[in-house]
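Enquirer:
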Amino acid sequence: MFEFSWPWLFLLLPLPWLLRLFKPVHSEGNTRLRIPSFAKHNLATQVAQQQTRGISLFEWLIWALLVTALANPTWLDDPITLPNEGRDIMLAVDLSGSMTEQDMAYQGQYVDRLTMVKAVLSDFIEQRQGDRLGLILFGDTAFLQTPLTRDVKTVSQMLSEAQIGLVGRATAIGDALGLSVKRFANKDESNRIVVLLTDGQNTAGNLDPEEALLLAREEGIKVYTIGVGSDNPRGFSLFNMGGMSGGSLDETLLKRIAEQTGGLYFRAKDVAGLQQIYQELDKLEPISTDEQTFRPQSALFYYPLLIALALIGLRVMFITAKTLRQEA
1 MFEFSWPWLF
11 LLLPLPWLLR
21 LFKPVHSEGN
31 TRLRIPSFAK
41 HNLATQVAQQ
51 QTRGISLFEW
61 LIWALLVTAL
71 ANPTWLDDPI
81 TLPNEGRDIM
91 LAVDLSGSMT
101 EQDMAYQGQY
111 VDRLTMVKAV
121 LSDFIEQRQG
131 DRLGLILFGD
141 TAFLQTPLTR
151 DVKTVSQMLS
161 EAQIGLVGRA
171 TAIGDALGLS
181 VKRFANKDES
191 NRIVVLLTDG
201 QNTAGNLDPE
211 EALLLAREEG
221 IKVYTIGVGS
231 DNPRGFSLFN
241 MGGMSGGSLD
251 ETLLKRIAEQ
261 TGGLYFRAKD
271 VAGLQQIYQE
281 LDKLEPISTD
291 EQTFRPQSAL
301 FYYPLLIALA
311 LIGLRVMFIT
321 AKTLRQEA
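Each residue of the sequence shown is one higher than the last, beginning at 1 in the UniProt record's numbering.
Written out as structure tokens, the structure reads:
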């Protein structure tokens, strides 16, 4: 649909006539007194007087185009309605050494746990319409890789670039949960969710998991915990040597975190299991919000403006050429 942002500016259209109407009129005699050479150009003056009407119309056209540009003509596209459901989801992903265990079957071969998590979690991220996602990676400590954003492509890219051991060999579950709670500060209390994925137990960090659990519960943040790893590991990880990776999965802790925050605990023993978990998460925590509708706008003011400038250029060229002919 076509419309003007400021249609009242068209009231300026008669302005040139009003100025001309109240402009003082000088007699021919007075004009000759002020311009002695006028008599020599009497013929040229008569020609100019004959062309006055045409020139006035030309100038009015330029003025009308300028006023049209000032009124800001715009084209409105069809209305677009944003999704009326949205959640704030912080993903906390374990990058400890034990995530190198190649015990997960994926596309006909065994891959390490992190590769499987990346593959399935990327699909989950890309399907988040209307949600805001954030990404926290943790090992010896936890750090924020991506703050809450609706740019799901960036979150997916940051996850794909994560590497085992990037933040150490150990598992700081308490730090990861505590940082998630901190990043949710001053957010809407109705839709704050943490999805924590790990394959070990807390072996590092500055914040005890029980303290982090208390913070999450006080803030009303729901935590969904996912324990990753097969019951029958196929080998060992170089990072597991010396017990640095976090050891066996602490399901007791993960269940307690989920239960006391109003979330759920899931166990992902294979790719199919993890995919099913994400499908369940899709059904959780829908938050209804007021629908937001907007209409994309395309500015069109430059079309009449460019035409007006072109006509002004032609007008200047015409006057210049006419003056040169008269002087010749």
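Heads up, the beta-carbon is just placed ideally off N, CA and C, and yes, glycines get one too. Remember, it's a predicted structure, so these values are computed and weren't measured experimentally.
Keeping to the same chain, check which residues put their C-beta closer than 6 Å to that of Ile55; ignore five residues upstream and five downstream.
Expert: Residue placement at Ile55 is flagged as unreliable, the pLDDT there being 49, under the threshold of 50; the coordinate-derived value follows with that caveat. Same-chain partners within the cutoff: there are none.
Enquirer: Got a sec, what are the start and stop residues for the alpha helix (DSSP H) Thr323 sits in?
Expert: From DSSP, the alpha helix (DSSP H) with Thr323 extends over 302 to 327.
Enquirer: Output the boundary residues of the beta strand (DSSP E) element that contains Leu134.
Expert: For clarity, residue 134 is Gly in the given sequence; the question names Leu instead. Taken as a continuous stretch (DSSP letters only), the beta strand (DSSP E) holding Gly134 covers 132 to 138.
Enquirer: Using alpha carbons as the reference points, say which of Thr149, Pro147, Val195, Leu137 lies closest to Glu161.
Expert: Per the Cα distances, Leu137.
Enquirer: From Asp123 to Val93, what does the alpha carbon distance come to, in whole angstroms?
Expert: Going by the C-alpha atoms only, they are around 15 Å apart.
Enquirer: Between Ser5 and Asp112, what straight-line distance do the alpha-carbon atoms span, to the nearest angstrom?
Expert: Approximately 58 Å, taken between the alpha carbons.
Enquirer: Exposed or buried, which one is Glu280 when buried takes at least 16 other CB atoms within 10 Å?
Expert: Glu280 should be labelled exposed.
Enquirer: State the Cα-Cα distance for the pair Leu18 and Val316, rounded to the nearest angstrom.
Expert: Approximately 24 Å, taken between the alpha carbons.
Enquirer: So for Gln157, helix, strand or coil by DSSP?
Expert: In this structure, Gln157 counts as helix in the three-state DSSP scheme.
Enquirer: Is the number of C-beta pairs between the region 6 to 15 and the region 61 to 73 that are closer than 8 Å three or more?
Expert: Flag = yes, the region 6 to 15 and the region 61 to 73 touch.
Enquirer: Can you find the residues in the same chain that come closer than 6 Å, C-beta to C-beta, to Leu144, ignoring five residues on each side of it along the sequence?
Expert: These residues qualify, in order along the chain: Ile136.
Enquirer: Apart from the five residues just before and just after Asn42, which ones in its own chain have a Cβ nearer than 7 Å to its Cβ?
Expert: Summary for Asn42: the model assigns pLDDT 48, below 50, so the residue's position carries little reliability; its value from the coordinates is reported in the next sentence. So the list is empty, once near-sequence residues are dropped.
Enquirer: Fully enclosed by the region 163 to 195, which alpha helix (DSSP H) runs are 4 residues long or longer?
Expert: Complete alpha helix (DSSP H) runs here, min 4: 173 to 183.
Enquirer: Check whether the region 213 to 233 touches the region 94 to 111, taking contact to mean three or more Cβ pairs, one atom from each stretch, closer than 8 Å.
Expert: In short, these stretches touch, since the Cβ pair count reaches three.
Enquirer: Taking contact to mean 3 or more Cβ pairs, one atom from each stretch, closer than 8 Å, check whether the region 292 to 303 and the region 262 to 279 are in contact.
Expert: With a cut-off of 8 Å, the region 262 to 279 and the region 292 to 303 do not count as touching, because too few Cβ pairs lie within range.
Enquirer: Taking the beta carbon of Lys222 as the centre, do at least 16 other beta carbons fall within 10 Å, making it buried, or is it exposed?
Expert: Buried, by the Cβ-count rule.
Enquirer: Buried or exposed: which applies to Arg20, given that a residue is buried once 16 or more other Cβ atoms fall within 10 Å of its Cβ?
Expert: That one is exposed.
Enquirer: Taking DSSP as the reference, what is the three-state secondary structure of Pro147?
Expert: If DSSP states are grouped into helix, strand and coil, Pro147 belongs with the strands.
Enquirer: So, with DSSP's three-state summary, where would you put Thr293?
Expert: Three-state DSSP puts Thr293 in a strand.
Enquirer: With DSSP run on the structure shown, which of helix, strand or coil describes Ser248?
Expert: Reduced to three states, the DSSP call for Ser248 is coil.
Enquirer: So, at 7 Å on beta carbons, what are the nonlocal neighbours of Arg217 in its own chain, with the 5 sequence-adjacent residues on each side left out?
Expert: Counting only Cβ-Cβ distances below 7 Å, and skipping sequence neighbours, we find Gln260, Thr261.
Enquirer: Exposed or buried, which one is Ile173 when buried takes at least 16 other CB atoms within 10 Å?
Expert: Looking at its Cβ environment, which holds 16 or more other Cβ atoms inside 10 Å, Ile173 is buried.
Enquirer: How far does the alpha helix (DSSP H) with Met116 in it extend, from its first residue to its last?
Expert: Unbroken alpha helix (DSSP H) run through Met116: 113 to 126.
Enquirer: Residues in its own chain within less than 8 Å of Phe58 by CB, not counting five upstream and five downstream?
Expert: These residues qualify, in order along the chain: Leu311, Arg315.
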